[in-house]
Structure formats: C-alpha cells, structure tokens
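First residue of the sequence shown: 11, per this note's numbering; consecutive thereafter. We put the beta carbon where it would ideally sit given N, CA and C, even for glycine. Because the structure is a prediction, the values reported are computed rather than measured.
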Amino acid sequence: MPAYLDHAATTPLDPAVLEAMLPHLRDTYGNPSSGHAWGRAARAAVETAREQVAEALGVTPLEVLFTSGGTESDNIAVLGLARAARAAGRGAHVVTTAIEHRAVLAACEALRDREGFDLTVVAPGPDGVVDPERLLGAVRDDTVLVACMAANNEIGTVQPLAEIAPALRARGVALHVDAVQAFGRVPLDPSGWGVAGLALSAHKFCGPKGVGVLVLRRDVAVEPVQLGGGQERGIRSGTLDAPSIVGCGAAAALAVAAAPTEVPRLAALRDALREGLCVLDGVTLVGSAERRLPTNVAVAVAGCDGESLLAALDARGVAVSAGSACQSGAVRPSHVLTAIAADPGAGHLRLSLGRTTTAQDVATAVDAVHSAVALLRGAGGGFV
Ligand code: PLP
C-alpha cells in the first residue's frame, strides 16, 4: 500500500471542500465585483468564506484578505508593512528568524539588498526554537517589523509566539506571523497576540491550491505590492477567485472543527512514527521533541544521503520530503538545517502527517525507511 507522508508540502482536497466548491466552479461564475445578480451571488459566497475564516481565527471578517497563497500573503505583509512604516518615518529596521520560509526571508533580504533597510536575522537554538529574549533583544528603536513564523515547515518546531507577541505589542512594533504550517495543528491567537499580519495557505489544510489568507489588523498601514482594481481593501488587487475562496473558507471551518480529535490522533501517530524510525542506529529526531507540530517527524539518518533516501522511499510507494519541498532541487542542506547546525554528513527526511494519515501509513513508512536505510548503508559499504 502506498503511503503519502508529505502533508507539509501539500494536503489532499477534503471531499466536503470539493463539494462546497463545485457549484461555484459550475454555476456562480459572476465576478464578485460586479453589481448584477451574477456578481452578487459570487460576492455572497466570498463573504461567507471570509466569515468562516474569521471565525476560525477569532478575528473580524474585515481583517481577512484573500490572496493567491502563503507566498503572496507573506510578501504583502513583509514588504507592505515595512515600506509603509518607513514612509511614515518610523524607521527602516526589520528583524526575522533564520528558519523562516523563503517567502518571508527572501522578502526581508530584498528590503535589505534593494531598498536599504537594515535586517537582523536571529538564529534559533539547536533545537530549532527561537529564544524570545534573543529575538526581542534584536529589536531597536527604529525597528518597524518583526517576522516570526508560528511553526517551521521543515523541522516542525513551534515558536513561542505567546511570549514574543506581548513584548512587541508593548513596544509598538508590528509582528507578522507565517502560520501556514501551524493552522489547524497548534492554537493561534492573532487577536490576543495583536499581530499586524498572519499568513495562511489553503492547500496546507485540505483546501485548494492557489488561495491563501492574509489577516491584517485594521489599524496598520500597508503599501500594496500589486496595483490594480483595488479589491481586498485596495491591498490585493485582482479579480477574486470565488470558487477557491469558497474552498478556503470551507476548509478552514473543517480544520477547526476537526482539530480537537485530529490533533491528539495525529500526535499519537507522529510519536509512533518517530519511535519506529529512531530504533534504527544513527537515526535521530531533528528539532525539539516538545515544541513540535503534531504532524511532523524530521529525522537525521547517519550514513545515508537524503535525496537517495527519498528516491528509495518513492520506489517503495512512500512519499516524504528531504528538507523543504518548496525548494526541492536544491541538494545543499536547507537554510533551516544550516541554521540549527544539523550534521551535514547525515541525510535529512521530513515525514508529515495529515487528516488522511492512518496507522497503516505509519507502519508502511517505518518498514520502508528501515529497508531503504539498510539498502543505502549496504551500498555505501556499511554504516560506521
Ligand atoms: N510559508 C510556509 C511556512 C510554508 O510551508 C509554505 C509552503 O510550503 C509557504 C509559506 C508558501 O505557501 P504557498 O505554497 O501557498 O505559496
């Protein structure tokens, strides 16, 4: 039986989400910005989805903007918040962490390299968790933005936002949270944290690909990145993709409804998977065991190369990732593994679970990893 253990890369569309989308793909084809009945029907569907997302996150519908995905949400928040703050004369210093997704890191680097911002990139501890004191220690009087993810996409570590956010709020520094991997898996409290921005991507929680959310606090100024028709409060111009937005809303509601049963179920499967892998000599968990997504097992495999392991597992019908699938093709250790000083000689695998994952999938994956490691270590002349 094949086993898909790459839910951090993307998740299957939930059948109920597909059902919710179908009428809007088939019949409700009006432009949500049009003033006639066709447009109004599409607009109503979009606004229902906006309410679903707002309710799922405990924010108001006015704070929910729809985008094309996590990358766009991160870009709008990082570039837009920083540029607007500088234009208002508040400074030009940005702080982020070394383990952010490239959608955040590359935007921060562009601010530094092309627009003259100062950038401080804070390293996490060896456990892949950012020390709040270290992050807050990097904040200066001219800091306009701190970008810190809720949970890491490669090693699954959950960041201490409840400790970071209040201190930033007290200092009046905008916080952007990439919650793409965290939503539905760990509690998020954008209102309580007082975040300026928070990014989600529907395809990570059993919604469709190509649609995301940017939660944007109402009182923060943002310079739009994309100019045009002025949709989404003028911050994200472009005709709204109503069927995908409907799917995003339905998926968000389902994720929150499922979390009380799914999170403990997945955490138990995660622990079984980790135990099954770590009985092998030279296989160790990467990143904190405690501050970890219920859906992530990241391991270092001594004496094997990650890409070869991935291929050997693929041949056995098991889908995993060697590092971040968002940057696949790169054979170098990922920036996340480099940031936590992971052993460059070991192969690194990310196995990620989701709503369709069963105990059988875990057993299949454990067997496949055991046999792939034995094969590769044999081919390499034995494990030392
Ligand atoms: N941020 C994180 C933490 C991610 O894991 C990803 C995708 O893997 C993204 C952002 C980008 O999201 P999208 O694929 O919707 O552009």
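query	result
Measure from the alpha carbon of P25 to the alpha carbon of each residue in A261, A277, H358, then state which is nearest.	A261
Is any beta-carbon of chain C found at less than 8 angstroms from that of D281?	The structure shown contains no chain C; it is built from a single protein chain.
Just tell me which of V196, L155, T81 has its CA closest to the CA of L276.	V196
Which one or two residues does DSSP pair with Y14 in a beta bridge?	A329
With DSSP as the reference, label T167 as helix, strand or coil.	strand
Once you ignore the five residues that flank G312 on each side, which residues in its own chain have a CB closer than 6 angstroms to its CB?	Per the sequence shown, the amino acid found at residue 312 is Ala instead of Gly. If we look at A312 and ignore the five residues flanking it on each side, its Cβ neighbours are G292, A356.
Using the C-alpha atoms, what's the distance from E285 back to N306?	13 angstroms
Just to confirm, are L178 and V156 a CB contact at a threshold of 8 angstroms?	yes
CB-CB under 7 angstroms to G240, same chain, minus the five flanking residues each way: which ones, in chain order?	S247
Classify H46 as helix, strand or coil using the three-state DSSP reduction.	coil
My assumption, with CB atoms under 8 angstroms, is that P12 sits in contact with V328. Please give the rounded CB distance.	7 angstroms
Using the C-alpha atoms, what's the distance from A55 back to A349?	43 angstroms
Using the C-alpha atoms, what's the distance from A206 back to R342?	34 angstroms
Determine, using beta carbons only, whether A160 and D137 come nearer to each other than 8 angstroms.	no
Kindly confirm or deny that the stretch 90-106 and the stretch 224-234 touch, where touching means at least three C-beta pairs closer than 8 angstroms.	yes
In this structure, does DSSP put A395 in helix, strand or coil?	Any question about residue 395 goes unanswered here, given that the chain covers just 11 to 394.
Taking the alpha carbon of L226 as the point to measure from, which residue in P354, W203, G217, A382 has its own alpha carbon closest?	W203
Does the Cβ of S381 have 16 or more other Cβ atoms within 10 Å, making it buried, or fewer, making it exposed?	exposed
For L279, which option in T58, T368, H46 has the closest C-alpha, if you only look at C-alpha atoms?	T368
Compare the Cα-Cα distances from V105 to each of L121, A97, A98 and report the closest residue.	L121
In whole angstroms, what separates the C-alpha of V63 from that of L198?	13 angstroms
When DSSP labels each residue in this structure, what does T106 get in the three-state scheme?	strand
Using 7 angstroms as the cut-off, classify the Cβ of H103 as near or not near the heavy atoms of ligand 1, replying yes or no.	no
Beta carbon of A113: closer than 7 angstroms to some heavy atom of ligand 1?	yes
Excluding the 5 residues flanking P219 on each side, which residues of the same chain have their C-beta closer than 6 angstroms to its C-beta?	What sits at residue 219 in the sequence shown is Lys, not Pro. Closer than 6 angstroms at Cβ, skipping near neighbours: H213.
With hydrogens ignored, establish whether the beta-carbon of T305 is closer than 7 angstroms to any heavy atom of ligand 1.	no
Can you pull the DSSP bridge partners for T374?	Partner(s): none; T374 has no beta bridge.
Nearest to P134 by CA position, among L146, I109, A66, is which residue?	I109
What does a CB cutoff of less than 6 angstroms around E29 pick up in its chain, not counting 5 residues either side in sequence?	none
When DSSP builds the beta bridges, which residues end up paired with G357?	V311
Measuring only from the beta carbon, is M159 closer than 7 angstroms to any heavy atom that is part of ligand 1?	yes
What three-state label does DSSP hand S254 in the structure shown?	helix
Is DSSP giving N41 helix, strand or coil here?	coil
Quick one, are the C-beta atoms of T271 and P22 less than 8 angstroms apart?	no
Is Q191 close to ligand 2? I mean its beta-carbon at under 7 angstroms from any heavy atom of the ligand.	The ligand content of the structure shown is limited to ligand 1, which means ligand 2 is not among them.
Count the other C-beta atoms from every protein chain shown that fall within 10 angstroms of the C-beta of P274, then say buried if there are 16 or more, exposed otherwise.	exposed
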